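Below is one structure; the comments refer to it alone.
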Amino acid sequence: MRRSLKLVAIALLATGLCAAVPVLADRDHDKARQLRGAGQILSLETIIANHRRQHPGGQLLEAELEFERDRYVYELKMLGDDGVVREFEYDARSGELWRVKRD
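Here this note's numbering is used: the first residue of the sequence shown is -2, the next is one more, and so on.
Set out below in structure tokens:
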């Protein structure tokens, strides 16, 4: 089973649509904050900062925190400077890059 916790706040901030945050996103954000406070996952900000150090450039299109196969995974969908959209999957606890997929 794959449970997705969408973190749409970043995308909405980037597009200036802060007032349009759905109620579901608030619950997802609360769950992510709870996991972060319990030390079970790194913050999204930490994951993005580490990603940008390793992969400079590009534009963040979407960020998700998903629970799959008994673990939390951050997925960052990035539009590269080369025009290619890639999805980077990071272990939410360690920050380790697990997989890169081309969309």
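Backbone N, C-alpha and C fix where the C-beta goes; we use that ideal spot for every residue, glycine too.
Computed from a predicted model, the values in this text were never measured in an experiment.
CB contact flag (residue i, residue j, <7 Å)
i: H48; j: L73; result: yes
i: L76; j: L58; result: yes
Alpha-carbon to alpha-carbon, residue j and residue i
i: R83; j: E61; result: 14 Å
i: K28; j: I45; result: 19 Å
i: L32; j: I38; result: 6 Å
i: E93; j: T43; result: 12 Å
i: H26; j: V81; result: 28 Å
i: L98; j: G54; result: The displayed chain sequence assigns Lys, not Leu, to residue 98. Roughly 17 Å between the two C-alpha positions.
i: W95; j: Q56; result: 20 Å
i: R30; j: D79; result: 34 Å
i: R24; j: S91; result: 24 Å
i: R50; j: G34; result: 24 Å
i: Y71; j: E65; result: 10 Å
Nearest neighbour of residue i, chosen from the options [CA to CA]
i: E86; options: G80, D25, Y69; result: Y69
i: D67; options: D100, G54, D88; result: D88
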